[in-house]
Amino acid sequence: SGPYRQELGSEAVTQGFGAPSSEAPTAFTINPTRCGPLGDVDLLAQSWQQPGLPKSAASTLPAMGGCEALQFDPRLGVTSESHVAGEATGYEVDLEVPQEKTPTGPATPDVRDVTVTLPQGTVISPSVANGLAACSEAQFGLHSGIRGACPSQSKIGVVTITTPLLAAPLSGGVYLGQPECDPCAPLDAQDGKMVRLLLEVEGAGVVVKLAGHTEIDQQSGQLTTVFTEDPQLPFSDVTLSVFGGSRAPLVNPSGCGPVVATASLRPWSTLTATESSASMSTTEGCSAPGFAPSFAGGDDKTAQAGAFSGLVVTLSREAREQTIGSVSVGMPPGLLGMLKSVTQCPEAQANTASCSASSEIGSSTVTIGAGSQPYAITGGKVFLTGPYGGAPFGLSIVMPAHAGPFTLAGNTGTGAEVVRAAIAVDPHTGAVTITSAPLPAALDGVPLDIRQITVDVDREGFVFNPTNCNAQSVLGTITSAAGAASAVAYPFQAVNCATLGFKPGFKAFTSAKTSRNNGASLRVLLTYPKAAFGTQANIKSVHVELPKALPSRLSTLNHACLDSVFNQNPANCPSQSRVGVAKAITPILPVPLEGPAYFVSHGGQQFPELIVVLQGYGVTIDLAGETFISKNGVTSSTFASVPDVPVSSFELTLPEGQYSALAANGDLCVEKLAMPTTFTAHNGAKIEQRTPISVQGCKPQIRVLHHSVKGKRATIVVSVPSAGTLLAGGNGLSRVSKQARGAGVVTVTLRLSKADQRFVARHHGRRLMAPIHLSFRPSRGKRLEAQVAVLMK
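Numbering (this note's numbering), first residue to last: 10 to 802.
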């Protein structure tokens with residue numbers, strides 16, 4: 010009742026209550042846009058007389074109808090800051106819901122559920138995890154009605170809501186909510202429990218909060234954001250902008266061309282949702298992505314030849330190049346690991362990230378995500394395993410599936426992702442090649458976009474350098490997920506090889522027992538001096554020449570195994586080609602390497618090779634010796650490529666038998682046997698010697714090898730079996746004694762006495778048959794006797 014005054018700037022307008030207005034009429038209240046029963050209106054009152062005794066009453070509102078007449082026409086818009094394919098960028102999603110403004114017509118129904126699916130190919134970038142935090146339920150305070158306290162590190166965008174209820178829009182932020190799973194499995198990511206979105210806007214004293222989630226398609230990584238049971242409040246426009254920059258949460262599709270985003274909005278007035286779509290496109294960076302990864306690898310501690318060191322391998326690719334699919338790295342020969350010092354992780358534990366510390370040999374780091382600031386996952390561990398992928402050894406590389414506030418289940422289900430790799434050993438060079446299984450392209454639907462991988466094998470006393478100081482390379486083949494292959498190399502060279510010693514010992518033995526049917530035997534033993542590990546150069550090649558007394562047995566050579574059979578499986582070679590056995594002891598393995606020796610025919614070569622197959626601890630090494638028989642029947646063997654691997658001893662036995670490798674010419678006990686031998690080390694050192702062949706099984710005896718007469722002197726060459734004293738003499742001859750330091754040959758000279766000279770003169774030049782008696786007194790054992798008759802003038 011009475012007049013009222015409305016202040017309009019400096020003017021004062023006085024109107025009567027209820028007087029007509031010049032402004033367009035506007036509705037003050039709006040009925041609910043949800044049909045059906047609305048529930049009760051509750052009243053609570055108390056009197057002045059009895060303020061402590063309130064009274065209540067309730068009235069049921071009539072059911073609301075007419076929802077079918079309400080018009081609902083939402084529209085979707087999606088744009089990205091950058092139009093470069095595969096680039097991390099900001100995104101803006103706009104939802105427009107036109108509002109009915111006339112007070113006489115039905116209002117626009119309020120939005121109840123919103124589902125927005127971003128274009129195919131728009132995915133999450135792991136780079137967003139840099140410095141990212143999550144906002145907890147308590148910090149957000151969904152139903153608190155007051156401004157929340159989410160950390161700034163959890164803010165990933167801004168939002169603006171325009172509503173007809175207020176003169177100015179509401180504005181605020183988009184926050185990443187605390188995941189509802191820890192660790193999160195693929196199903197959690199698909200159901201939206203991993204990525205939760207929290208919206209908070211305010212203005213005109215009003216605070217509005219919404220909680221939603223983002224579902225991730227496990228096959229394509231496509232993102233669908235859902236907000237359900239939104240409050241029954243009208244809005245005409247919602248604009249949500251996700252931050253851009255190098256740490257942008259979203260990445261453009263990797264290909265060019267138009268893509269479509271869709272929205273499904275359901276109002277409170279009906280159970281039916283209304284669909285809308287928006288098109289966008291990437292127009293730059295449309296050429297097919299290349300693949301030129303970089304690579305580095307080698308010793309990270311010391312390049313000292315033969316010494317313990319470390320090994321670091323790093324590979325990387327540029328943004329928007331093809332993603333890395335698998336890796337193969339070949340180490341230089343001689344760059345090996347001390348397998349004896351590490352416990353192999355069993356297969357079950359290797360696949361479930363549960364290897365023990367005794368199997369750990371190093372660490373790993375992986376960098377993932379688009380942009381200039383990819384996210385680095387540290388704390389990975391590398392374990393040595395038993396056989397994997399057909400190779401004698403393997404690796405279990407365990408990476409924490411953790412990025413920012415997210416902990417994923419990984420392929421182990423325990424918050425870790427395991428990548429396996431096979432370690433093969435070249436049977437000819439001993440060089441190691443490491444080949445990974447396919448690398449994971451995504452975790453829980455999030456593309457990893459691997460940018461860099463670093464593996465650091467730093468276990469103390471494990472990796473050691475070659476004893477060869479020639480320039481070598483760490484070689485690799487990096488294959489993209491699309492199948493492109495890139496060959497890479499990084500230089501490697503050990504130093505100070507000249508400081509290494511080279512003093513192998515070498516002995517040879519044969520048996521006195523020989524025959525036409527079973528041939529002869531030979532056993533050789535190579536030993537290294539007991540010295541600190543890494544102070545001796547390893548053998549690179551060996552050349553030996555056998556004496557004529559031990560020729561190759563041609564009948565056995567004719568039964569050599571064909572190389573086609575040998576290369577498929579040496580065990581399939583005929584038994585006649587198996588001519589010996591060998592055993593090598595190396596400090597890097599806990600067991601010896603043992604195996605047979607075969608004659609192997611290569612067709613075009615003149616003589617078969619002698620190949621020794623050494624096996625043990627899953628390792629196979631083939632030592633190939635080229636055989637050559639000279640015109641005068643001397644057999645030589647050259648092992649030209651011995652692996653750069655340390656050995657404590659090596660023993661090769663070629664026994665006698667029906668198919669023995671060697672035959673025998675004459676009695677081996679008669680003459681001194683030796684074979685010229687040349688050893689060459691990997692550091693270039695060389696040893697040339699005549700290696701004596703000890704004949705075992707000879708009966709203790711002295712033998713006259715040959716004798717001669719010159720004038721009145723007789724020279725006799727005698728073979729003695731051991732150290733001792735040789736006595737020689739006879740009627741009419743001088744007596745001579747000579748010391749022997751060991752088994753070998755002793756030469757004595759005797760003269761004709763004067764009495765025998767007169768005897769020869771009386772017989773007018775007739776020759777004298779002078780018997781010579783030989784007696785040998787060994788240092789140990791019985792005296793040995795022999796006799797020879799010499800014709801003297």
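Quick reminder that beta carbons are idealized off the backbone N, C-alpha and C, glycines included.
- Item | Distance, threonine 223 Cα to histidine 152 Cα | 21 angstroms
- Message: Whether or not the region 598 to 607 and the region 638 to 652 are in contact is what I'm after, with contact meaning three or more pairs of Cβ atoms, one per stretch, closer than 8 angstroms; do they touch?
- Response: no
- In three-state DSSP terms, what is glutamine 616? The identity of residue 616 in the sequence shown is phenylalanine, whereas the question assumes glutamine. Three-state DSSP puts phenylalanine 616 in coil, outside helix and strand.
- Could you tell me which residues DSSP pairs with glutamine 836 in its beta bridges? In the structure as shown, the chain begins at 10 and stops at 802. Residue 836 is therefore absent and cannot be evaluated.
- Whose C-alpha, out of Val757, Ala540, Gly753 and Leu742, is nearest the C-alpha of leucine 800? Leu742
- Item | Chain-order list of residues whose beta-carbon lies under 6 angstroms from that of serine 288 (same chain, five-residue window excluded) | Pro267 and Val269
- Query: Per the contact definition of three or more C-beta pairs closer than 8 angstroms, is the region 122 to 129 in contact with the region 447 to 456?
  - Reply: no
- Message: Please classify aspartate 631 as buried or exposed, where buried requires at least 16 other C-beta atoms within 10 Å of its C-beta.
- Response: buried
- Message: Under DSSP, the beta strand (DSSP E) around valine 609 begins and ends at which residues?
- Response: 602 to 610
- Residue from Leu793, Arg562 and Ser639 with nearest C-alpha to phenylalanine 608: Arg562
- Query: Out of curiosity, what's the CA-to-CA distance linking glycine 398 and valine 336?
  - Reply: 14 angstroms
- Message: Do alanine 749 and valine 729 have their beta-carbon atoms positioned less than 7 angstroms apart in this structure?
- Response: yes
- To the nearest angstrom, report how far apart arginine 786 and alanine 795 are at their CA atoms. 12 angstroms
- Message: Taking the alpha carbon of threonine 734 as the reference point, which residue from Leu793, Ile725, Gly470 and Thr234 has its own alpha carbon closest?
- Response: Leu793
- Message: Checking 7 angstroms against the spacing of the C-beta atoms, do asparagine 139 and glutamine 382 come in under that value?
- Response: yes
- Message: How far does the alpha helix (DSSP H) with leucine 566 in it extend, from its first residue to its last?
- Response: 563 to 566
- Item | CB of tyrosine 100 within 7 angstroms of CB of valine 251, strictly | yes
- Compute the distance between the beta-carbons of glycine 666 and asparagine 527, then report whether it is under 7 angstroms. yes
- Message: Between the alpha carbons of leucine 682 and glycine 627, how many angstroms are there, rounded?
- Response: 39 angstroms
- Query: So what does DSSP say about threonine 442, is it helix, strand or coil?
  - Reply: strand
- Message: Tell me the rounded alpha-carbon separation between alanine 412 and proline 298.
- Response: 27 angstroms
- Are at least three pairs of beta-carbons, each pair with one atom in the region 634 to 643 and one in the region 431 to 442, less than 8 angstroms apart? no
- Message: Strictly by DSSP, which residues pair up with lysine 218?
- Response: Glu209
- To which residues of the same chain is leucine 175 closer than 6 angstroms at the C-beta, ignoring the five residues directly before and after it? Ala213
- Task: Please go through the same chain and pick out, in chain order, the residues whose beta-carbon is closer than 6 angstroms to the beta-carbon of lysine 218, but skip the five residues on each side of it.
- Result: Leu151 and Glu209
- Task: Could you give the DSSP three-state label for leucine 151: helix, strand or coil?
- Result: coil
- Task: Could you tell me whether the region 38 to 54 touches the region 67 to 78, where touching means 3 or more Cβ pairs closer than 8 angstroms?
- Result: yes
- Message: Check whether the region 541 to 550 and the region 305 to 321 touch, using three or more Cβ-Cβ pairs below 8 angstroms as the test.
- Response: yes
- Query: beta strand (DSSP E) containing aspartate 572: first to last residue?
  - Reply: Unbroken run through aspartate 572 is the alpha helix (DSSP H), 572 to 577; no beta strand (DSSP E).
- Between the Cα of threonine 111 and those of Pro173, Ile386 and Pro342, spot the shortest distance and give me the residue it belongs to. Pro173
- Item | Closest by C-alpha distance to isoleucine 377, when choosing among Gln55, Leu324, Glu90 and Gly75 | Leu324
- Tell me whether lysine 516 sits in a helix, a strand or coil according to DSSP, three-state version. strand
- the region 357 to 365 touching the region 415 to 424, judged by at least three CB pairs closer than 8 angstroms: yes
- As assigned by DSSP and simplified to three states, the class of valine 622: strand
- Close-in-space but distant-in-sequence residues of the same chain around glycine 114 (CB under 8 angstroms, 5 per side omitted): none
- Query: For isoleucine 548, which beta-bridge partners are listed by DSSP?
  - Reply: Ala690
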